[in-house]
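Colleague: Supplied in structure tokens, the structure appears directly below.
In our numbering, the protein residues as written are 570 to 701.
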């Protein structure tokens with residue numbers, strides 16, 4: 570089972586998603602102004618990630634002619650260093666989560682996407698914003 574960790578930032582709240590092996594697999598794509606909105610973002614990750622995998626909604630933007638998928642979807646892209654990354658786009662078209670680090674291979678980024686869909690569902694929530 571995965572774990573979401575909520576942290577306080579100077580301007581609000583964000584989250585990170587950890588796999589069962591304690592590896593960080595995703596971070597929030599935005600800073601939320603309230604903790605409640607941050608928690609809704611985490612719920613949205615679980616709901617949308619599962620749907621994207623079940624309905625093959627992974628848009629590979631690293632291809633010369635990528636097949637456009639409807640939202641919600643995962644997008645695979647290259648970062649500035651030429652590594653593969655992913656972002657999860659919600660039904661409303663907003664990015665809600667993304668990989669924190671790049672992957673050297675497409676199979677690696679796909680494993681990261683699958684890990685998000687498994688670990689975000691029913692994930693434990695640890696609120697580290699209370700510590701500060």
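Built from N, CA and C at the ideal position, the CB exists for glycine as well.
Which residue wins for smallest C-alpha separation from residue 608, given the options 581, 637, 649?
Modeller: Residue mapping note: residue 608 aligns to position 39 of the chain shown, counting from 1. Checked all of 581, 637, 649; the closest Cα to residue 608 is 581.
Colleague: DSSP three-state label for residue 595, please.
Modeller: Against the chain shown, residue 595 aligns to sequence position 26. Residue 595: strand per DSSP, three-state reduction.
Colleague: Do residue 697 and residue 575 come within 8 Å of each other at the CB atom, strictly closer than that value?
Modeller: Translated into positions along the chain shown, residue 575 becomes position 6. Translated into positions along the chain shown, residue 697 becomes position 128. Yes, the Cβ-Cβ distance between residue 575 and residue 697 is below 8 Å.
Colleague: When DSSP labels each residue in this structure, what does residue 671 get in the three-state scheme?
Modeller: By 1-based counting over the chain shown, the position of residue 671 is 102. Coil, per DSSP.
Colleague: Can you give, in chain order, each stretch of the beta strand (DSSP E) that sits fully within the stretch 579 to 640 and has at least 3 residues?
Modeller: As far as the stretch 579 to 640 is concerned, its whole beta strand (DSSP E) runs of at least 3 residues are 581 to 587, 593 to 597, 627 to 629.
Colleague: For my contact list, residue 642 and residue 663 are in at a C-beta cut-off of 8 Å; report their separation, rounded to the angstrom.
Modeller: As a first step, residue 642 is located in the chain shown; it is residue number 73 there, counting from the start. As a first step, residue 663 is located in the chain shown; it is residue number 94 there, counting from the start. With 8 Å as the limit, residue 642 and residue 663 do not qualify as a contact, their Cβ atoms being about 12 Å apart.
Colleague: Since residue 642 sits in a beta bridge, which residues does DSSP pair it with?
Modeller: Translated into positions along the chain shown, residue 642 becomes position 73. Paired residue(s): 658.
Colleague: In whole angstroms, what separates the C-alpha of residue 673 from that of residue 680?
Modeller: Mapped onto the chain shown, residue 673 falls at position 104. Mapped onto the chain shown, residue 680 falls at position 111. So the alpha carbons of these two residues sit roughly 12 Å apart.
Colleague: Per DSSP, which one or two residues make a beta bridge with residue 697?
Modeller: Indexing the chain shown from 1 puts residue 697 at position 128. DSSP, once it has assigned bridges, lists no residue as partnering residue 697.
Colleague: Beta-carbon within less than 6 Å of residue 678's beta-carbon, same chain only, minus the 5 sequence neighbours each way: which residues are those?
Modeller: The residue given as residue 678 occupies position 109 in the chain shown. The residues are 645, 653, 655, 672.
Colleague: Output yes or no for whether 8 Å exceeds the beta carbon distance between residue 597 and residue 659.
Modeller: In the chain shown, the residue the question calls residue 597 occupies position 28. In the chain shown, the residue the question calls residue 659 occupies position 90. No, Cβ-Cβ distance for residue 597 and residue 659 is not below 8 Å.
Colleague: If I'm right that residue 595 touches residue 570 with Cβ under 8 Å, what's the distance once you round it to whole angstroms?
Modeller: In the chain shown, counting from the first residue as 1, residue 595 sits at position 26. In the chain shown, counting from the first residue as 1, residue 570 sits at position 1. About 15 Å; that fails the 8 Å criterion.
Colleague: Below 6 Å CB to CB, which residues in the same chain sit around residue 724 once its five sequence neighbours on both sides are set aside?
Modeller: This structure gives no information on residue 724, because the portion of the chain shown stretches from 570 to 701.
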